[in-house]
Every structure is written in structure tokens, then in C-alpha cells.
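Using the working numbering, the letters of the sequence shown map in sequence onto residues 1191 to 1703. Where a beta carbon is used, it is the ideal one built from N, C-alpha and C, also for glycine. Step one of this worksheet: look at the structure below.
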Amino acid sequence: MTDTVHDARPATGATGDLVARHVTGRRFRMLVGGEFVDGDSATETVDPSTGRVLTEVPEASPADVGRAVAAARAAQPGWAAAGHAGRSAAFERFARLLEAEAEDLAVLEAIDSGNPVRAMRQDVAISVAYVRGWPGMAQQMGGQVIPASPDGLHYTTSAPYGVVGRITAFNHPLMFAATRPLPALITGNAVVLKPSPQTPLTTLRLAELFAEAFPPGVVNVVTGGADAGDALVTHPDVKRIAFTGSVPVGLLIQRRAAESGRVKHLSLELGGKNAMVVFPDVDVAAAADGAVEGMNLTVCQGQSCGSNSRILVHRAVHDEFVAALAERVSRLRVRTAYEESADMGPVVSAAQLGRVTGFLERAVSDGATLVTGGDRPAGVPGEGFFVTPAVLTGVRPAMEVAQEEVFGPVVSVLPWDDYDEMLRVANGVEFGLTASVWTSDLDLAHRTAALLDAGYVWVNDSSRHYLGTPFGGTKDSGTGREESVEELWSYVEQKAVHVRLRSPRSVLDRRGW
Ligand code: NAD
1191 MTDTVHDARP ATGATGDLVA RHVTGRRFRM LVGGEFVDGD SATETVDPST GRVLTEVPEA
1251 SPADVGRAVA AARAAQPGWA AAGHAGRSAA FERFARLLEA EAEDLAVLEA IDSGNPVRAM
1311 RQDVAISVAY VRGWPGMAQQ MGGQVIPASP DGLHYTTSAP YGVVGRITAF NHPLMFAATR
1371 PLPALITGNA VVLKPSPQTP LTTLRLAELF AEAFPPGVVN VVTGGADAGD ALVTHPDVKR
1431 IAFTGSVPVG LLIQRRAAES GRVKHLSLEL GGKNAMVVFP DVDVAAAADG AVEGMNLTVC
1491 QGQSCGSNSR ILVHRAVHDE FVAALAERVS RLRVRTAYEE SADMGPVVSA AQLGRVTGFL
1551 ERAVSDGATL VTGGDRPAGV PGEGFFVTPA VLTGVRPAME VAQEEVFGPV VSVLPWDDYD
1611 EMLRVANGVE FGLTASVWTS DLDLAHRTAA LLDAGYVWVN DSSRHYLGTP FGGTKDSGTG
1671 REESVEELWS YVEQKAVHVR LRSPRSVLDR RGW
């Protein structure tokens, strides 16, 4: 395990050139009311591939956050009045800017997050598709006419909350910054966006594109950690908070929102300990491919809320599956994230690396077997936060590694014999975000999908998100649903209007007609 190297010199060689081109000499500033601003203080961000400090970024004080909220509040009525057509036009401008800057954004993301650059190009492409997808979905948000009484007209309208606070996690910073504010924006809210302090650079780079695409104050970007997040959560003018992050911080936000003395609407997208269920009738090779993809190893080193970190495999195919999985996982090239050949990069920080290796050590001492991975790959920069992807077998349901979210490249395989017991194990965790079912039997697939306690279930597939379908979790995985019309509705207040209609006779009599 390594600590951060406080040395602003970039890495050398071709990768060092990339750091020089995409980071060095650039200023990363917050966006408040259409102006680029520094915070009251600054903090550093680190390249996980080298452990070196990349650059300084602003650290927003509560006063900085207050200025961003005030700017959003001032801009919001005009943005709401722009109507769907006006807002869609800004979305299209933003999509084009993203396309034009795609390569810079993907490389910068790989440098700051440690996610492999090839996958980050895909994240930019997905972001563009979401920017273009949301306006069409928002058009589906009609009102209702409800036959609530025989002599009345009862209908609904909706209006945006005003200012939305949007707090995001470290693992997909660019995609989160580019897409998570969109449903709030298309419904006429203004947004104050705060990324994770671990990976702030692409959000600050996107701030420049937000400034070009949207009217001043409609999108504001502040950087900082818990204090800046807390200032946003407790600000009296922020009625709606949308949070992506860990369970402990989600719980804290619920408490702090209540302590602010204002009634707020919260949505929380939190962690997962997601089960992949493998039946004995599968194509084992396809299931092993699906397991690797579903772990999101080649996108973010398994640091994903939706990763299938628990694989429940029928004993009849257990050994064959483990061999196929281990073979695939051990083939992945773990490299500096912005090398083209990298299948996987480093985890985000020294602390995260320690978390991953700590889970592995405790799993082995609890009796699990480390089949592959968990060590330092060859040929990577000495101070980078690298670990090879790990497969554990012999994991029992009660073990820590089978219950808690590692949020890293660690997958546990648990054998099963009995269907009911398998379901108990699959559902026997505090999380309920995603799950997947692997079988060629249609009845089993649908019945099992129905019985798994998770918000997003794949059959013979994994990992993919489909805009328009509600994404979110049960139990401690959160509240609310994203990526769907349901999410759009969560950014507006509905109003019911009741028109009492007098009888034609009483109108005619009164008017003397
Ligand atoms: P985290 O909870 O540590 O931080 C998330 C964000 O909250 C960051 O921006 C952080 O600065 C901010 N924050 C920290 N303390 C705060 C406070 N007191 N008040 C307000 N904001 C505060 O999470 P992380 O380590 O960045 O991300 C990993 C976690 O996120 C995992 O648990 C993962 O499962 C979850 N996650 C969930 C989803 C989803 O869609 N369900 C997606 C990605 C990540």
C-alpha cells in the first residue's frame, strides 16, 4: 500500500505527456452564476495511476455554496419560463459540446479517476445519448384529468421545485456530472452540482461546457467534500436533494436535511451487494463473460454500485464456472489508466486500495480461498493504487465479504444446491440494488427475477443500463428511481385543480337567458 506522493511533477514518457496536455497549465474553477470562480481555499487531486498530485482544485466554503444556490435561485424562473423547447435547445447545445470535447474528457477522466480510457470514451458516448434522450422522455409528462366528481373538472399540473442540490460519487464522475443533473434541468429546475473531491476534474471541465450551453446560473458547479455537501443539503433554499454515494453518508444526509428545519425531498442512490444467480443449465462460458462484465472491472475496477460482487452458482457447474471466471479475470491487463492497452486501471485512492486488500485478508482468514488476484500487477508505476482483480471461493453467506460492499475488484463465489436456500442467501443482505439470473429456462428466469429483492434485474445479461427504465434499489440501496419518467416526476410538485361546474340551467337562469 502506498501513500500519496506530494510531487507535482507529471509522470514521464507518453503517459506523462498526456498528463501535461490534459491537466498541467490548466485552471480548474467552479461555475457560479455563469462566472468561473476559485473557492475560499484549495485542495489537491491525485492521479491514482501514479499516486502523484495532479493539480489544485477549489474547496467551496459554505459561503461559496450559498452564492451558488443564490445564483441558481435567481436563474430558475427564467429557465422554467423557457419552456420545453427552450430547454431542449440547451440540451442539444450541450450534447454537441460533449461530442466535440469527447477525447479530452475521456483522457482527463482516466487520469483523474483511474478508470481505463477506452471505457471512458464509452462513458462520454453514453452521456451524449442521455443528453439527447431526456427531452423526449420529459414530453411524456402529461397532466391528468380525473373524473373525481360528476359536476367538476379535476386536473393536474406540475411545477419544478426550484433549486436542486445534486451530489455525486467518485466512481463515474464525468458520466454522473453530465447526466445526473439532466432530469432536474429538463423539468425546469436549476442545479447546484457537487462532485466527489476524489475525482473533481472532469466535472470542473464540464462546467465550461455547461457555461456555454445553458443560461448563467442554471447549472452551477461547486467542489469540496463533506462540508460543501452539508452546506448544500442544509441550505434553506434547496428543497430537493439528489444524492449518489454510500449508505452512511446517505443516512447522514437524511438526518441533516431534517435538522435543517426545512422539509426537503430526497432521493438516495446508495450501495449494492448484488447477486448473480447461475443455474446448472447455463452456457458456462457466456455466464463467465457476463460475470466479468457485470463486475464492471473494465469500466471502473469494480468500483460500481451495480457490480455482481456475489455470484451464487449451482454446485453442478461451480468448478467449471470458477475456472472460466478465474481464467478471464486473470487475463485482464491492469495498467496505467490512460494507456490504451489498459483493461483495468488502479482503484481511486490509497485508502480504497487498503479497503480492498483489507477485505481480502479478512475473507481469507474467515476461510475463503483466493483463487486469483489481490496482488500488485507487474509493470505499473510504483506509487499507483493498483491491485489485480480477485476471485474468492468457499465464501459463506455470513462472512463479511458476502455481506458488505467492498466497492472494488473483488468477487465472491458461493455454491448452492437448494433453490429456496439460494433465494434466502441472495436476499439475505441489507442491500437490494441489482441482480442477475442466468438460465436457459424461461419459467425459472421470470419466477426468480420476481423473487429477488432488487430494483434492477437482468436475465442472461448484466451491467447494461437502459434509459427509460427505472433504476434504483430496495432496502438500504436507497430511495427513488432514476433514468426514467419516474425520476422526472420526482423533480416536480404536482398540483390538483378542481373546477366546480354549475349546471347549465342555473347559469341560464341567473343570466336571464
Ligand atoms: P461517499 O458517500 O463517500 O461520497 C459521495 C458524495 O457525498 C461525495 O460527493 C462526497 O463529497 C459527498 N459527501 C460526503 N459527506 C457528505 C456530507 N456529510 N453531506 C453531504 N455530502 C457529503 O461515496 P463515494 O465513496 O464517493 O462513492 C461510493 C459509494 O457510492 C458506494 O457505496 C456506491 O455503491 C455508491 N454509488 C451508488 C450509485 C447508485 O446509483 N446507486 C452509483 C455510484 C456509487
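Those residues which DSSP pairs with residue i across a bridge
i     : result
D1237 : R1242
I1431 : G1355, L1456
A1465 : R1500, A1625
P1660 : For P1660, which the question treats as bridged, DSSP gives no partner whatsoever.
M1534 : V1524
S1231 : E1249
V1222 : E1225
V1647 : A1625
T1669 : L1458
Reference residue i; option with closest CA among the options
i     : options                    : result
G1440 : T1669, R1701, P1405        : T1669
T1526 : A1232, I1301, R1695        : I1301
L1287 : A1403, G1304, T1347, L1391 : A1403
S1652 : M1466, L1396, L1442, T1638 : M1466
R1217 : D1313, A1279, L1391        : L1391
A1592 : V1554, E1289, L1298, D1610 : V1554
D1643 : A1272, P1337, L1623        : L1623
Y1656 : L1460, W1324, L1613, G1564 : W1324
P1238 : V1524, V1689, S1696        : V1524
R1430 : T1214, F1226, W1648, I1357 : I1357
L1394 : E1677, A1380, V1411        : V1411
D1417 : P1599, K1384, V1600, S1278 : K1384
T1377 : G1332, I1336, S1386, L1343 : G1332
L1613 : A1232, T1638, T1629        : T1638
Residue i vs residue j beta-carbon contact at 8 Å
i     : j     : result
G1462 : G1496 : yes
V1243 : T1413 : no
N1464 : R1518 : no
F1575 : L1550 : no
S1674 : F1621 : no
S1317 : S1457 : no
A1510 : V1482 : Reading off the sequence, residue 1510 comes out as Glu, not Ala. The answer is no: Cβ separation not under 8 Å.
A1270 : P1350 : yes
F1400 : L1221 : yes
P1571 : V1615 : no
Q1266 : V1353 : yes
Q1491 : V1561 : no
R1277 : A1296 : no
D1254 : G1229 : yes
T1629 : V1472 : yes
Bounding residues of the beta strand (DSSP E) (the contiguous stretch that carries residue i)
i     : result
A1349 : 1342–1350
Q1684 : 1682–1690
T1559 : 1559–1562
F1226 : 1225–1227
Bounding residues of the alpha helix (DSSP H) (the contiguous stretch that carries residue i)
i     : result
F1366 : 1363–1369
W1679 : 1675–1679
T1423 : According to the sequence displayed, residue 1423 carries Val and not Thr. Segment 1416–1424, the alpha helix (DSSP H) holding V1423.
G1569 : No alpha helix (DSSP H) contains G1569, which DSSP labels as neither H nor E.
S1693 : It is not in any alpha helix (DSSP H) - S1693 carries neither H nor E in the DSSP assignment.
V1577 : Per DSSP, V1577 belongs to no alpha helix (DSSP H) and is neither H nor E.
S1555 : 1540–1555
Check: residue i C-beta below 7 Å from any heavy atom of the ligand FAD
i     : result
K1384 : With respect to small molecules bound, the structure shown includes the ligand NAD and not the ligand FAD.
Can you check the region 1473–1519 for any alpha helix (DSSP H) of at least 4 residues that lies completely inside it and give the ranges in chain order? 1474–1484, 1487–1490
Ignoring anything shorter than 4 residues or poking outside the region 1580–1635, list the alpha helix (DSSP H) runs there in chain order. 1590–1593, 1609–1617
Go through the region 1290–1351 residue by residue and report every complete run of the alpha helix (DSSP H) that reaches 4 residues or more, in order. 1292–1303, 1307–1328
Can you check the region 1374–1413 for any beta strand (DSSP E) of at least 3 residues that lies completely inside it and give the ranges in chain order? 1380–1384, 1409–1411
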